[in-house]
Amino acid sequence: MPSMDIRTHLAESHPLYLDSRCMVDRVRGELLRGHLDGLLLAVLADAPGHGYELSQRLTQRSGGEIEVPEGSLYPALHRLERSGLVASAWSYREGRRRRIYRLTRAGRRAAGDARQEWRAFSVAIDRVLGAAP
Amino acid sequence: VSAVERYLAELGAALHVRGGERRRFLRECGDHLADAAAERGEEAAVRAFGPPPEIAAAFDAEVASPARRVVHVHHRRGGAHDRWLDARADPRVLARR
Chain A
319 MPSMDIRTHL AESHPLYLDS RCMVDRVRGE LLRGHLDGLL LAVLADAPGH GYELSQRLTQ
379 RSGGEIEVPE GSLYPALHRL ERSGLVASAW SYREGRRRRI YRLTRAGRRA AGDARQEWRA
439 FSVAIDRVLG AAP
Chain B
967 VSAVERYLAE LGAALHVRGG ERRRFLRECG DHLADAAAER GEEAAVRAFG PPPEIAAAFD
1027 AEVASPARRV VHVHHRRGGA HDRWLDARAD PRVLARR
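Written out as structure tokens, the structure is:
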């Protein structure tokens, strides 16, 4: 087959394949959005950081699998800060001003809760999706 | 006008929130885009940041929504747990505090 990848070929020749790919992508996007707060709490549990650092930690720790629009971190950080889970302050680093975020005590507890809830959820999903027919 | 400046202008035009929260949000976005552009180039940085109308709408929605608080809820069994709760969605839970 000339320079056409298999996904493009399947999408063109089998419309249902395209539908299923779209569905998988949509579910993946919704899952990520639904867990963005927990993911941010987890990367903040490593160390305080500014928004760009946090987006890089998300990418690195997920092996490049997690890609959310980087701008969507700021509404989420705003939400976490209003909830009292995260605090922030301007700081100067390397001659540049940055807004540095850190977990509060409540945020540290919430990060632990999010981790436990994810484990229980992923085990349950794996029991269904991972089971051989 | 650079790609980052154009992006920030579009983001600002799409944003409804005013005042200090607006200034801080745009400043942080500008800082983020400057870092990203230094590493990947301006075009890649603005592409990874997301469409300005969507990012602005998400921030407007957060500012407009009532604050969610972590409250301490005592369950009949199993001790105490912190839970995310939306005060407007379930005021009964807040009343249990």
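As you go down the protein sequences, you meet chains A and B in turn.
Residue numbering for the first sequence follows the numbering used here, starting at 319 and increasing by one per position.
Residue numbering for the second sequence follows the numbering used here, starting at 967 and increasing by one per position.
Think of the CB as a built atom: it goes at the ideal place given N, C-alpha and C, for glycine as much as any other residue.
### Message
Against chain A, does SER1031(B) count as a neighbour if the rule is that its beta carbon must be under 9 Å from one of theirs?
### Response
The residue you call residue 1031(B) lines up with position 65 of the second sequence. By this cut-off, SER1031(B) is an interface position.
### Query
At least one CB of chain A closer than 9 Å to the CB of HIS982(B): is that the case?
Sequence index remark: in the second sequence, residue 982(B) carries index 16 (1-based). HIS982(B) does not count as touching chain A.
### Message
Using a Cβ-Cβ distance cut-off of 9 Å, determine whether ARG990(B) contacts chain A.
### Response
Translated into the one-based positions of the second sequence, residue 990(B) becomes position 24. Chain A contact via Cβ: present.
### Task
Give the residues from the region 372 to 397 of chain A that approach chain B closer than 7 Å (Cβ to any Cβ), ordered along the chain.
Answer in chain order: PRO387, GLU388, GLY389, SER390, TYR392, PRO393, HIS396, ARG397.
#### Entry: Interface partners of TYR370(A) on chain B, CB under 8 Å
Here residue 370(A) refers to the residue found at position 52 of the first sequence. What TYR370(A) touches in chain B: ASP997, HIS998, ASP1001, ALA1002.
### Query
For ARG400(A) and chain B, any beta-carbon pair shorter than 9 Å?
Within the first sequence, the letter at position 82 stands for residue 400(A). With a threshold of 9 Å between beta carbons, ARG400(A) makes contact with chain B.
### Query
Counting Cβ pairs, one atom from each stretch, are 3 or more of them under 8 Å apart for the region 390 to 397 of chain A and the region 431 to 448 of chain A?
As far as the Cβ criterion goes, the region 390 to 397 of chain A does not touch the region 431 to 448 of chain A, which means the pair count is below three.
### Query
From the beta carbon of ARG437(A), is the nearest beta carbon of chain B less than 9 Å away?
As a working note, residue 437(A) is residue 119 in the first sequence. Chain B, which has no Cβ nearer than 9 Å to the Cβ of ARG437(A), makes this no.
### Query
Taking the continuous alpha helix (DSSP H) assigned at GLU443(A), which residues delimit it?
Here residue 443(A) refers to the residue found at position 125 of the first sequence. In the sequence as displayed, the identity of residue 443(A) is Ile instead of Glu. First-last of the alpha helix (DSSP H) with ILE443(A): 423 to 447.
### Task
Say whether chain A places a C-beta atom closer than 9 Å to the C-beta of ARG972(B).
Against the second sequence, residue 972(B) aligns to sequence position 6. Using a CB distance cut-off of 9 Å, ARG972(B) does not count as an interface residue toward chain A.
### Contact list for ARG417(A) against chain B, beta-carbon separation under 9 Å
Residue 417(A) sits at position 99 when you count from the first residue of the first sequence. ARG990, ARG993, GLU994, ASP997, listed in chain order.
### Task
Give me the Cα-Cα distance between GLY1007(B) and CYS995(B), rounded to the nearest whole angstrom.
In the second sequence, counting from the first residue as 1, residue 1007(B) sits at position 41. In the second sequence, counting from the first residue as 1, residue 995(B) sits at position 29. Going by the C-alpha atoms only, they are around 15 Å apart.
### Query
How about GLU987(B): is its C-beta nearer than 9 Å to some C-beta of chain A?
Translated into the one-based positions of the second sequence, residue 987(B) becomes position 21. At least one chain A Cβ lies under 9 Å of GLU987(B).
### Query
Per DSSP, what kind of secondary structure is ARG1006(B) in: helix, strand or coil?
Here residue 1006(B) refers to the residue found at position 40 when the second sequence is read from its first residue. The three-state secondary structure of ARG1006(B), taken from DSSP, is helix.
### Query
Going by C-alpha distance, which of ILE384(A), ALA407(A), GLY352(A), GLN434(A) is nearest ARG420(A)?
Position 102 of the first sequence, counted from the start, is the residue given in the question as residue 420(A). Selected option, being the one with the closest Cα: ALA407(A).
### Coarse secondary structure for ALA1027(B), derived from DSSP in three states
For the purposes of this step, residue 1027(B) is taken as the residue at position 61 of the second sequence. The DSSP-derived three-state label of ALA1027(B) is helix.
### Query
What residue does the beta strand (DSSP E) around SER406(A) start on, and which one ends it?
Within the first sequence, the letter at position 88 stands for residue 406(A). Counting along the chain, the unbroken beta strand (DSSP E) around SER406(A) starts and ends at 404 to 411.
#### Entry: Environment of GLU1028(B) [buried if 16+ CB atoms lie within 10 Å]
Within the second sequence, residue 1028(B) is the residue found at index 62, counting from 1. By the neighbour-count criterion, in which a residue is buried when 16 or more other Cβ atoms sit within 10 angstroms of its Cβ, GLU1028(B) is buried.
#### Entry: Partner residues on chain A for GLU1028(B), Cβ-Cβ distance less than 7 Å
By 1-based counting over the second sequence, the position of residue 1028(B) is 62. Within chain A, the residues PRO393, HIS396, ARG397 have their CB atoms less than 7 Å from the CB of GLU1028(B), given in chain order.
### Query
What is the residue span of the alpha helix (DSSP H) that GLU399(A) lies within?
For this step, residue 399(A) is matched to residue 81 along the first sequence. In this chain, the alpha helix (DSSP H) harbouring GLU399(A) covers 391 to 400.
### Task
Mark GLY389(A) as exposed unless 16 or more other C-beta atoms lie within 10 angstroms of its C-beta, in which case mark it buried.
Taking the first residue of the first sequence as 1, we reach residue 389(A) at position 71. Its Cβ being crowded by 16 or more others within 10 Å, GLY389(A) is buried.
### Task
Enumerate in chain order the residues of its own chain whose CB-to-CB distance from PHE991(B) is below 6 Å, with the five nearest sequence positions on each side excluded.
Walking along the second sequence from the start, residue 991(B) turns up at place 25. Non-local beta-carbon contacts of PHE991(B) in its own chain, meaning distances under 6 Å to residues more than five positions away in sequence, involve PHE1025 in chain order.
### Message
Suppose you measure from the CA of VAL1037(B) to the CA of ALA360(A); what does that come to, to the nearest Å?
### Response
Position 71 of the second sequence, counted from the start, is the residue given in the question as residue 1037(B). Position 42 of the first sequence, counted from the start, is the residue given in the question as residue 360(A). Per-residue confidence for VAL1037(B) stands at a pLDDT of 47, beneath the threshold of 50, marking its modelled position as unreliable; no derived number is given.
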